[in-house]
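As structure tokens, the structure follows; a few thoughts come after it.
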Amino acid sequence: MEPIIRVRELYKVFGPNPQEGLRLIEDGLDKDTIFERTGNTVGVKDCNLDIAEGEIFVVMGLSGSGKSTLVRLLNRLIEPTAGTVEVRGRNVTQMSQRELIRLRSEDMAMVFQSFALMPHKTVIDNAALGLEIAGVGRARRRQRALEALDQVGLKAHARSYPDELSGGMQQRVGLARALATDPSIMLMDEAFSALDPLIRTEMQDRLLDLQREHRRTVVFISHDLDEAIRIGDRIAIMQGGEVVQVGTPKEIIVDPANEYVRSFFHGVDITQVFQACDIMDSENIPVLDADTTAGEARNRIAHVPGNEAVIVDAGGRFRSVVQAKRLGELTVDRPASEVAVEVEPVAEDMALADLPGRAAKSPVPIPVVDADGRFRGLVTLPRLVEALDRSRTAAVSNGDH
Amino acid sequence: MEGRINIPVGDWIEAAVDWILDNLEPALDGIAWFLGLLTNSFEGALLAIPAWLLVLALVGLSWWRVSWRFGIFAIVALGLILGMDLWEPTIKTLSLVLAATAVALAVGMPVGVAMARSDWVEASVRPVLDLMQTMPPFVYLIPAAIFFGLGTVPGAIATVVFCMPPVVRLTNLGIRQVNREQIEAGLAFGCNRRQLLTKIQLPLAMPSIMAGINQTIMLALSMVVIASMIGAGGLGNTVLTGIQRLDVGLGFEGGLGVVILAILLDRITQSVGLRRKASR
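In structure tokens:
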């Protein structure tokens, strides 16, 4: 599918002579040398990105890595030094002022780290700011602002002033202000970074809820990998103005491009990233009908490395687990289901962090099912322990350097 | 004396003044006509209202905008002015202050906006403001009297020049101090340059601009008293008469009138800047 935002060879050099800085980058000099020689600061260097419609794309990096510059290049709050940004195939970098204003007011909205609300306006007028700028009439823009406030759960506070609200509520106003213009793209610059951890999680959930109702393309800037993992469909990691890795949270954790990327894992709960389907056994598990005999079941299990088989119904939905040692209690012609253990299966997207609790209560390996209840695989205890151990060492290993 | 360096700055200024007198007379007449009209309109309007009604309005304003205590102060203070038989000079002074302030704001605020938008404008206007503020105020009286003669109009002109700097400076400062993310928010939602100014920068700079307006009014009041030396009239005239006759009592009465007017104007204009908090 055609990406909604396409960034190609994008550069931003700040300072007295950006073009000279650009030449030195092409000569292969690094950021620090260029600054020493010319006083130019490389903000973003050779950035190439394809952002798909409807995804939450997180740009991560330490402060000074160029992530905030990058997001401002997308709506040209900062003029790029070289390269192109295309939104739906239209080149933003070549747009006239009029086209640019149209793009900003109709297609792209932005949410800021410091909320950037207008203290002299009520909450509803703050939420209506984008519409006011676009010239929408007072009654109509207030109605749309009220709808947006309703979406973020702030309808009751419409007549308050921003300084009467808590930080989390203020940022919900910021979110409502962005939603009120009904943009297809939302740029969120460290939008939740100024909030308390608890409120931050709540805001992340709210954003995900909003995405479920109406999928927008979200470019989310963050320095927090936990946040990136929670909300990001894909993550781009920036270092010194360059994008060093782009991938799904899992891809980045399983295969970090360099030590810098790995350093973000420190203290991060990776068990939230992996799911039951990532660690389950799905091959070599005999799948039996409800009327399979004990003899046949024993025979089938004997041909695989494991000690279990599962019984499913006619639709392939999971029913119960059969263990080889229990089959010995039956004569060969009895149905195997007589000694089967009925356990509650888990969804395939259950987080690794939640599995140990289930494993402790289950007398047999944990069955994993898809959304329709069809059998997908088993999580055995050795598999689970191994996965937990691996994620622990992944988190700890960066403590060594 | 021989060998002593003497740069004839005074001569140059005089030459410039002569040139202006010879060549720019229509412009000077226009300014004089406009300021005279403005001052006379304010004065005519304020004197047309019965004194008791105006007192009532000022007391009501003080009570409502500032506090009930200040309302009581206003009753006593204005009663004192009426009792000292200084109502007419007080109104004359007030009209001059209002006219001069109106012109100073009309010129000063756009200049402040221009300074905020361009570093070059700021760099060139700043020394002019420094000059306007540090020059002893009496000096303005001389060219004002030469260009416009004696009376209310030259007094108003000198007052405008003297009281303009604060509102220019604080408009510039207020706009420049607006948070970067708030500017970006305006731009990100599609503001053009004019909208950025009217919807984001000016409203957010308003507390600072209001402080500038308050300062400008205070300076105008102090200059109006000095301007009575070239016949601007009002309370300054009362003070001046006191000085000429060595009449301590009369001088003090005039001075007290100025103080009362200053306190009322200061507190009432300050309260306008706090409007939102007060109205909640």
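For the record, the sequence lines run as chains A and B. Using the numbering used here, you'd call the opening residue of the first sequence number 230 and step up by one each time. Using the numbering used here, you'd call the opening residue of the second sequence number 1206 and step up by one each time. Note that beta-carbon positions come from the ideal geometry of N, C-alpha and C, so glycine has one too.
Residue i versus residue j - alpha carbon distance
i, j, result
"L346 (chain A)", "V402 (chain A)", "8 Å"
"L1301 (chain B)", "L306 (chain A)", "47 Å"
"V349 (chain A)", "A1350 (chain B)", "Looking at the sequence shown, residue 349 (chain A) is not Val but His. Each residue's alpha carbon lies about 45 Å from the other."
"V625 (chain A)", "I362 (chain A)", "Model confidence at V625 (chain A) stands at a pLDDT of 48, short of 50, so the residue's coordinates are unreliable and nothing is read from them."
"R1381 (chain B)", "Q1406 (chain B)", "8 Å"
"E231 (chain A)", "G397 (chain A)", "35 Å"
"H630 (chain A)", "T1403 (chain B)", "Here H630 (chain A) scores only 36 on pLDDT, less than 50, and its place in the model is too uncertain to base an answer on."
"G383 (chain A)", "Q400 (chain A)", "Rather than Gly, the amino acid found at residue 383 (chain A) in this sequence is Leu. In a straight line, the C-alpha of L383 (chain A) is about 11 Å away from that of Q400 (chain A)."
"L1346 (chain B)", "L1303 (chain B)", "19 Å"
"E238 (chain A)", "G250 (chain A)", "15 Å"
"L1461 (chain B)", "V1444 (chain B)", "10 Å"
"T522 (chain A)", "L607 (chain A)", "21 Å"
"L1283 (chain B)", "G1459 (chain B)", "13 Å"
"P1213 (chain B)", "D1223 (chain B)", "15 Å"
"L1426 (chain B)", "R301 (chain A)", "48 Å"
"I285 (chain A)", "A543 (chain A)", "39 Å"
"P309 (chain A)", "L303 (chain A)", "9 Å"
"K296 (chain A)", "F449 (chain A)", "10 Å"
"D518 (chain A)", "I540 (chain A)", "6 Å"
"D438 (chain A)", "A1328 (chain B)", "52 Å"
"W1268 (chain B)", "F1275 (chain B)", "6 Å"
"T1357 (chain B)", "V352 (chain A)", "49 Å"
"S591 (chain A)", "E558 (chain A)", "21 Å"
Short CB-CB distance (under 9 Å) between residue i and chain D
i, result
"M1411 (chain B)", "Note that chain D does not occur in the displayed structure, where the protein chains are A and B."
Residue-level contact to chain B via CB, residue i, 9 Å cutoff
i, result
"Q372 (chain A)", "no"
"S343 (chain A)", "yes"
"P611 (chain A)", "no"
"H630 (chain A)", "With a pLDDT of 36 at H630 (chain A), under the threshold of 50, the modelled position of that residue is not reliable, and the figure given next carries that caveat. No, no contact with chain B."
"H386 (chain A)", "no"
"P348 (chain A)", "yes"
"L424 (chain A)", "no"
"A420 (chain A)", "no"
"T410 (chain A)", "yes"
"M339 (chain A)", "yes"
"P309 (chain A)", "no"
"L306 (chain A)", "yes"
"R401 (chain A)", "no"
"R301 (chain A)", "yes"
"L416 (chain A)", "yes"
"R406 (chain A)", "yes"
Nearest neighbour of residue i, chosen from the options [CA to CA]
i, options, result
"S343 (chain A)", "A:N355, A:E419 and A:L408", "A:E419"
"A1437 (chain B)", "B:D1471, B:S1329, B:V1308 and B:P1294", "B:P1294"
"R266 (chain A)", "A:L278, A:D275, A:L253 and A:V273", "A:L253"
"D279 (chain A)", "A:V475, A:R367, A:G359 and A:I450", "A:V475"
"V1318 (chain B)", "B:V1281, B:P1332 and B:M1411", "B:M1411"
"L610 (chain A)", "A:G524, A:R373, A:D510 and A:T522", "A:D510"
"V568 (chain A)", "A:K554, A:L581 and A:A576", "A:K554"
"P1342 (chain B)", "B:L1226, B:V1430 and B:L1451", "B:V1430"
"N1377 (chain B)", "B:I1414, B:A1282 and B:S1476", "B:I1414"
"G359 (chain A)", "B:Q1387, B:I1296 and B:T1357", "B:Q1387"
"T446 (chain A)", "A:G283, A:E537 and A:F604", "A:G283"
"R463 (chain A)", "A:G470, A:T477 and A:T262", "A:T477"
"S422 (chain A)", "A:V340, A:V473, A:P485 and A:A465", "A:V340"
"D275 (chain A)", "A:R367, A:A338 and A:G257", "A:G257"
"D618 (chain A)", "A:R587, A:L581, A:P592 and A:S549", "A:L581"
"R1399 (chain B)", "B:R1322, B:V1312 and B:I1296", "B:R1322"
"M337 (chain A)", "A:L559, A:I414, A:E480 and A:D498", "A:I414"
Residue range of the alpha helix (DSSP H) that includes residue i
i, result
"Q501 (chain A)", "Premise fails: Q501 (chain A) is in no alpha helix (DSSP H) and is neither H nor E."
"M1415 (chain B)", "L1407 to A1432"
"E376 (chain A)", "R367 to Q380"
"Y390 (chain A)", "It is not in any alpha helix (DSSP H) - Y390 (chain A) carries neither H nor E in the DSSP assignment."
"A543 (chain A)", "Note, A543 (chain A): premise wrong, no alpha helix (DSSP H); not H, not E."
Proximity test, Cβ basis, 9 Å: residue i and chain A
i, result
"L1470 (chain B)", "no"
"R1481 (chain B)", "Interpretation of R1481 (chain B) is limited by its pLDDT of 48, a score under 50 that renders its predicted location unreliable; no figure is taken from the coordinates."
"S1476 (chain B)", "no"
Run of the beta strand (DSSP E) containing residue i, from where it starts to where it stops
i, result
"F552 (chain A)", "According to the sequence displayed, residue 552 (chain A) carries Gln and not Phe. Here the beta strand (DSSP E) through Q552 (chain A) covers F547 to Q552."
"M415 (chain A)", "I414 to D418"
"F1275 (chain B)", "Careful: F1275 (chain B) lies outside any beta strand (DSSP E), inside the alpha helix (DSSP H) at W1273 to G1288."
> Residues in the segment 1384–1409 of chain B with C-beta within 8 Å of chain A's C-beta atoms, listed in sequence order?
Replying inline: Here the close residues are N1384, E1386, Q1387, E1389, A1390, G1391, L1392, A1393, F1394, G1395, C1396, N1397, Q1400, K1404, I1405, P1408 and L1409.
>> Closer than 9 Å between beta carbons: that is the criterion. Which residues of the segment 319–335 of chain A meet it against chain B?
In response: Result list: Q326, R327, L329, I330, R331, L332, R333, S334 and E335.
>> Using a Cβ-Cβ cutoff of 8 Å, what residues of the segment 351–377 of chain A are near chain B? List them in chain order.
In response: Against chain B - using a Cβ distance shorter than 8 Å - the residues of the segment 351–377 of chain A are L358, G359, E361, I362 and A363.
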